[in-house]
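Taking it in order: structure first as structure tokens, then the write-up.
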Amino acid sequence: MPKPPIDYPDDYSDHYPPRIAVAILKSGPLAPNLKGRVFFTTVPGGTEVLVEVSGLPPYHPAEGNQPQVGPHGFHIHENGNCEVGDCANPFSSAGSHWNPHNQPHGNHAGDFPALFSNHGYSCITFFTDKFQVSDIIGKSVVIHQSPDDYHSQPAGSSGKRLACGIIKA
Ligand SMILES: [Cu+2]
């Protein structure tokens, strides 16, 4: 008897709790060639995060009024809104860092390792036990222009926003 075809759903948004989520990055005026995705996968004890991005701007040290460019701060922000808005200060609608446990910056649930560019390309995978995939649906991820110092409050002094992606199941 032939095996029946596997019936894959078109999308998984009605499966709760979701075990995977993805944010497709939207580039802004400060990094118009940026493309990338962030995948969140439920694993034992927490969540594995994979980010792959290309089109990051070249590293540049701070100079005069110009901020350092790269490595790039990377976080979950509280609003699932990636409107570019003001081109001089893009993606402000994504709001502040997602901070469900009222922690100082450096220990926000969505404080992530910074992204190091390799001629514009960056790819890292890491584990966090600070949230489940179901906790972050409808939030956003943001990649910043400057490095995160992990102690300046409230956001690590990582500067303007290069890209934003809404986290979807
Ligand atoms: Cu941020």
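All residue numbers for the sequence shown refer to the working numbering, where the first residue is 52 and numbers rise by one. We put the beta carbon where it would ideally sit given N, CA and C, even for glycine. Just so it is clear, the structure is predicted and the values come from calculations on it, not from any experiment.
Minimum Cα-Cα distance from residue 165 among the listed residues 104, 114, 185 and 184 corresponds to 104. Collapsing the DSSP output to three states places residue 214 in a strand.
From the listed residues 113, 72 and 107, the smallest Cα separation to residue 85 is found for 107. In this model, residue 127 and residue 69 are separated by some 18 Å (Cα to Cα).
Under a 10 Å Cβ-count criterion, residue 133 is classified as buried, with 16 or more other Cβ atoms of the shown protein chains found around its own Cβ. Residue 191 is bridged by DSSP to 128 and 217.
Residue range 86-94 is occupied by the beta strand (DSSP E) that includes residue 86. Secondary structure at residue 145: helix, using DSSP grouped into helix, strand and coil. Across the set 179, 198, 174 and 148, the C-alpha of 198 shows the shortest separation from the C-alpha of residue 118. Closest by C-alpha distance to residue 191, out of 168, 142, 208 and 81, is 142. In this structure, the alpha-carbon of residue 87 lies about 11 Å from that of residue 73. Inter-residue distance for residue 188 and residue 200 is about 26 Å (C-alpha atoms, whole angstroms).
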